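Position in the first sequence counted from 1, then plus 80, gives you the numbering used here. Quick reminder that beta carbons are idealized off the backbone N, C-alpha and C, glycines included. Every value quoted in this text rests on a predicted model; they were computed, and no experiment measured them. First up is the structure itself, then whatever we jot down about it.
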Amino acid sequence: MIDVRVLRSDPELARQAQRRRGESPDLVDEILDRDEKRRTAITAFERLRAEQRTLGKQVARAQGDEKAELLVRTKELSTLVKEAEVAQTEAEQAFQAALKRLPNIAAPEAPAGGEDDYTVIEHVGAPRDFAAEGFEPLDHVELGKRLGAIDIERGAKVSGARFYYLTGVGADLELALVNMAMDQARGAGFTTMITPALVKPPAMDGTGFLGQAAADVYRLPAEDFYLVGTSEVPLAAYHADEILEPDTLPRRYVAFSPCYRKEAGSYGKDTRGIWRVHWFDKVEMFTYTTLEQSYAEHEKMLGWEKQWLSKLELAYRVIDTAAGDLGLSAARKFDCEVWIPTRGGYGELTSTSNCTDFQSRRLNIRGRFPDGVKPLATLNGTLVAVPRAVVAILENHQQADGSVRVPTALQPYLQGRTSLEPVQ
RNA sequence: GGAGGUGUCGCAUAGUGGCCUAGUGCGCCCGCCUGCUAAGCGGGUUGAGGGUUAUCCCCUCUCGCGGGUUCAAAUCCCGCCACCUCCGCCA
């Protein structure tokens, strides 16, 4: 949620930001119009309410005829106050509804445009040249079968399309990745968390996932729960309605959780294998800090993600996501995209967003600072989304004999194994 | 799932319709006093919104949340939520 005072003082900034996202600037003016009506309604209510309170005190002291006369007026006022209160509430709700639709103001550095308008910040490592090595790489589905690591057929039998089992070394690989990620984050000062995967509507809405992303969210209507698509949701809502002391900042949390996504609108896209699935496990970093510190923190998040990918010995590039591809809450987003041999291109493995004070305003997360109580900034970043990491490792580290080399850093987490061998 | 209890300004508490502009203690902040510290004394200390915006000032809301009764609600009534105790069920 954007500070309405920013919209009042510099509406053109917000209109411009909307255009850079490829969205209509008219929403800004609709919000300002509703703000005007809201303030008029508040003033009207408060004037009546003040009169009611003043007269109410006189009633308490008055006697006889004087009291009777006052009661005539106060009874009238009682009705007027109630009407004015209803009008104020309605104006407030109309205003809030419009304001909540407005996405975060994209950072000036974020490229304008949509999904394909990203800029590449850097390349790290070179894609492996299988042709030079003299063999054709297998995809992760075939490798997963040979290793006894991934069972997609039975995933579909039990749960349907886009579900899978990790079996044997596949399951071992998940636990190894998760433990390694947790160790790295813990070493960087993060507090380890295991978070609820079912949340109530305010948590989902406050994090910004009931906007454009609502179609992608699983809901349990009977109990009014949502299944989270990322532990960003329970981590952001963790400090909702709290005022944090500045000397406890930054607060860094790392969570392991399952993630559930409908993947609506992706029909026919990435249908093979486990690249895009309805459920997966993920280790996610999350930071609460000041708005001023958030930009440096965002660089740190990216640094931790790069460190992680390097330990997995993967070639990747970093992109600066375009404004139109930021989602509702983010002001800026960096994706790390790893080279996937059988895709013949880069695919997103991790992503880190600076949501500035956008989520904090929705979730009412504030800090007590010398110059007042102010909303904090929130940032999130993937360390490991398990299935995609498994795909990247299997495909990039496969050998001509069908085995898969285990990256050195990961070996201690896989009972010292240096390679995964085919079982058939 | 059932029964009972509890929810007040950081913490602990007072408050059974108008004297609540929510009192008191603790904690915290500022100042005074004081060789230092403690004690003592004085003041301040929820958050949000509106008017005005030159820091002041004025007003409204905020006693778990939402309704209702009333001229007037922390206080009375209804619903919901959270927590505690016990029972049931379950991993």
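Cα-Cα separation, residue i to residue j
i: Val464; j: Thr310; result: 12 Å
i: Glu103; j: Arg441; result: 22 Å
i: Gly194; j: Val84; result: 26 Å
i: Pro276; j: His319; result: 14 Å
i: Asp451; j: Glu417; result: 41 Å
i: Arg114; j: Phe175; result: 5 Å
i: Ala480; j: Pro217; result: 8 Å
i: Ala293; j: Ser390; result: 31 Å
i: Met381; j: Asn460; result: 8 Å
i: Tyr347; j: Val453; result: 46 Å
i: Val503; j: Gly228; result: 6 Å
i: Ser431; j: Lys237; result: 31 Å
i: Arg356; j: Gly205; result: 25 Å
i: Val486; j: Thr287; result: 37 Å
i: Phe270; j: Val334; result: 6 Å
i: Arg234; j: Arg423; result: 24 Å
i: Phe305; j: Ala251; result: 29 Å
i: Val152; j: Arg141; result: 16 Å
i: Val466; j: Gln478; result: 18 Å
i: Asp327; j: Tyr368; result: 12 Å
i: Leu394; j: Asp209; result: 13 Å
i: Asp415; j: Ile399; result: 5 Å
i: Met81; j: Phe215; result: 52 Å
i: Val258; j: Gln439; result: 27 Å
i: Leu443; j: Gly248; result: 41 Å
i: Glu149; j: Gly136; result: 12 Å
Nonlocal neighbours in the same chain, by C-beta distance under 8 Å from residue i, ignoring five residues either side
i: Leu406; result: Arg101, Pro183, Asn184, Ala186, Ala190, Arg412, Lys413, Ser433
i: Val161; result: Phe125, Leu128, Arg129, Gln132
i: Ala268; result: Arg332, Trp384
i: Lys342; result: Ala295, Asp296, Val297, Tyr298, His358
i: Gly144; result: none
i: Ile274; result: Ala335, Phe336, Ser337
Helix, strand or coil at residue i according to DSSP, with G and I counted as helix
i: Gln98; result: helix
i: Ser311; result: coil
i: Gly291; result: coil
i: Asn444; result: coil
i: Gly461; result: strand
i: Tyr512; result: As shown, the chain starts at 81 and ends at 504. That puts residue 512 outside it, with no answer to give.
i: Arg485; result: strand
i: Ile122; result: helix
i: Thr498; result: coil
i: Asp304; result: coil
i: Arg332; result: strand
i: Ile354; result: coil
i: Ser239; result: helix
i: Lys362; result: strand
i: Tyr340; result: strand
i: Val279; result: strand
i: Ile323; result: strand
i: Ile232; result: helix
i: Thr134; result: helix
i: Met284; result: helix
i: Gln51; result: In this structure the chain extends from 81 to 504, so residue 51 is not present and cannot be described.
i: Tyr318; result: coil
i: Pro105; result: coil
i: Leu246; result: strand
i: Met81; result: coil
i: Tyr368; result: strand
Cut-off 6 Å between Cβ atoms - residues of its own chain near residue i, not counting five sequence neighbours on either side
i: Cys435; result: Ser409, Ala410, Thr458
i: Leu324; result: Gly447
i: Asp106; result: none
i: Asp437; result: Leu371, Pro455, Ala457
i: Ala192; result: Arg100, Ala403
i: Arg468; result: Leu429
i: Cys339; result: Gly309, Thr310, Phe360, Lys362
i: Arg397; result: Val200, His203, Glu417, Tyr426
i: Leu392; result: Pro487
Residue i beta carbon near the ligand HEM (any heavy atom closer than 7 Å)
i: Val297; result: Within the structure as shown, the ligand HEM is missing, as the structure has no ligands at all.
Other residues of its chain near residue i: CB distance less than 7 Å, five sequence neighbours each side excluded
i: His378; result: Arg412, Thr432, Asn434, Leu459
i: Ala344; result: Ala295, Asp296
i: Lys180; result: Met81
Item to complete: Please specify which runs of the beta strand (DSSP E), each continuous and at least 3 residues long, are wholly inside the region 182-223, giving them in chain order.
Response: DSSP runs (the beta strand (DSSP E)) wholly in the region 182-223: 199-204.
Discussion item. Is it the case that the region 147-158 contacts the region 362-382, given that we only count it when at least three CB pairs across the two stretches are under 8 Å?
Written reply: Contact fails: fewer than three Cβ-Cβ distances are below 8 Å.
Item to complete: Would you be able to state if there are at least three C-beta pairs under 8 Å between the region 464-475 and the region 209-229?
Response: The region 209-229, when compared against the region 464-475, does touch it at the 8 Å Cβ threshold.
Worksheet item: What are the complete beta strand (DSSP E) segments, minimum 3 residues, inside the region 142-174?
Response: Within the region 142-174, not a single complete beta strand (DSSP E) segment reaches 3 residues in length.
Worksheet item: What are the complete beta strand (DSSP E) segments, minimum 3 residues, inside the region 378-453?
Response: 396-400, 412-420, 425-434, 445-449, all fully within the region 378-453.
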